[in-house]
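Enquirer: Would you mind keeping the following structure in view while I ask a few things?
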Amino acid sequence: MFANSSHLKFINLQFLVANSIHYHTWNTNDVLPIQNWLKAPDPSTNFVAACDKRTPGTGDWICSHPQYTQWCRGKPGILWIQGKVGSGKTVLSAAIIEDLQINPAVMCCYYYFDNWDNLKMKTNARGLLQLLLLQMATRTEGVHPALHELYTKCKGVMEPTTKDLSATLAAVAKDLSPIFLVLDAMDECSETIYAFKHLAHLKKNLYIAVTSRYLAETSYDASWHIHLDDTKSFHQDVARYCKTSSATEN
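Residue numbers (UniProt numbering): 1 to 250.
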């Protein structure tokens with residue numbers, strides 16, 4: 001999808017970051033302390049597991065699906081991918097993440113809701129906000145001043161309120177555009193409406209791709225839908241997976 005993306009109307013992220021540095025002073029000394037203080041859940045374990053489970057060739061179709069390409073090229077909004085248990089939604093989310101990460105002009109964030117998380121941090125809205133702050137506001141060149149201000153306010157010890165996390169995230173997001181967010185297994189979030197309420201503050205420059213067993217009531221209108229049960233490519237993926245599994249067993 002993004003291999004030949006010069007025709008897409010993406011704003012150069014590096015240019016925007018450079019502008020934000022012009023207006024703010026990024027603190028380079030507190031990256032690790034702030035990362036430890038945020039205590040954000042780590043979705044990379046879910047992403048790596050999904051990539052490892054992915055049969056070669058499966059999921060590639062999503063990047064050329066009309067609904068997906070319209071979502072990428074259109075105004076910020078939601079692409080909702082719906083499918084039953086075992087339909088490969090998590091593999092598709094990994095394919096989307098990999099596709100988005102190809103383009104250096106895109107800020108790609110992702111989060112995996114997970115009922116199997118022992119700490120239950122991956123099932124609520126707070127964990128999502130913590131992780132988005134970590135992904136958006138910390139870099140090798142430093143920490144965004146809005147996050148550093150929150151860290152100072154909490155003296156680097158106290159936990160920030162969810163309200164403060166949300167407000168800080170909104171301040172950070174103003175300096176970044178476009179932002180693409182992939183949310184996997186939204187049906188495993190115990191606070192779906194609450195989570196989207198916070199994301200609504202980022203509505204102007206946030207593109208969201210959601211995988212879920214069912215549609216949920218949110219403060220967003222999902223402009224694009226893909227129903228896996230009705231998608232021919234999905235059934236081809238299933239056949240490819242079964243063929244590969246059979247060959248491996250033999």
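Idealized CB from N, CA, C, for every residue including glycine.
Using CA atoms only, rank isn't needed, just tell me which of Cys189, Ile226 and Pro66 is closest to Trp116.
Expert: Cys189
Enquirer: What number of angstroms, rounded off, separates the C-alpha of Ala49 from the C-alpha of Asn205?
Expert: 29 Å
Enquirer: At 3 residues or longer, and completely inside the UniProt domain "Nephrocystin 3-like N-terminal" (57–213): list those beta strand (DSSP E) runs for me, N to C.
Expert: Under the rule that a run must span 3 or more residues, the beta strand (DSSP E) segments found entirely inside the UniProt domain "Nephrocystin 3-like N-terminal" (57–213) read 78–82, 107–112, 179–184 and 206–212.
Enquirer: Which residue's Cα is closest to the Cα of Pro43: Ile97, Ala171, Thr161 and Cys63?
Expert: Closest by alpha carbon: Ile97.
Enquirer: Closest to Ser93 by C-alpha separation, out of Leu134, Cys154 and Asn46, would be which residue?
Expert: Among Leu134, Cys154 and Asn46, the Cα nearest to that of Ser93 is on Asn46.
Enquirer: Using the C-alpha atoms, what's the distance from Lys197 back to Trp224?
Expert: Each residue's Cα considered, the two are about 19 Å apart.
Enquirer: If you compare alpha carbons, which of Leu215, His65, Met186 and Val172 is closest to Thr90?
Expert: Met186
Enquirer: Using DSSP's beta-bridge definition, name the partner residues of Ile226.
Expert: Ile81
Enquirer: I believe Asp229 touches Lys84 by the beta-carbon criterion, under 8 Å. Please report the beta-carbon distance rounded to the nearest angstrom.
Expert: 7 Å
Enquirer: Going by DSSP in three states, Leu32 sits in which element: helix, strand or coil?
Expert: Leu32 falls in the helix class under three-state DSSP.
Enquirer: Straight-line CA distance for Gly57 to Thr152?
Expert: 48 Å
Enquirer: Sorted by chain position, which residues of the same chain lie with C-beta nearer than 8 Å to Leu147's C-beta, five sequence neighbours on each side aside?
Expert: Ile34, Leu133, Ala137, Thr138, Thr168 and Val172
Enquirer: Determine the DSSP secondary structure at Ala49, reduced to helix, strand or coil.
Expert: helix
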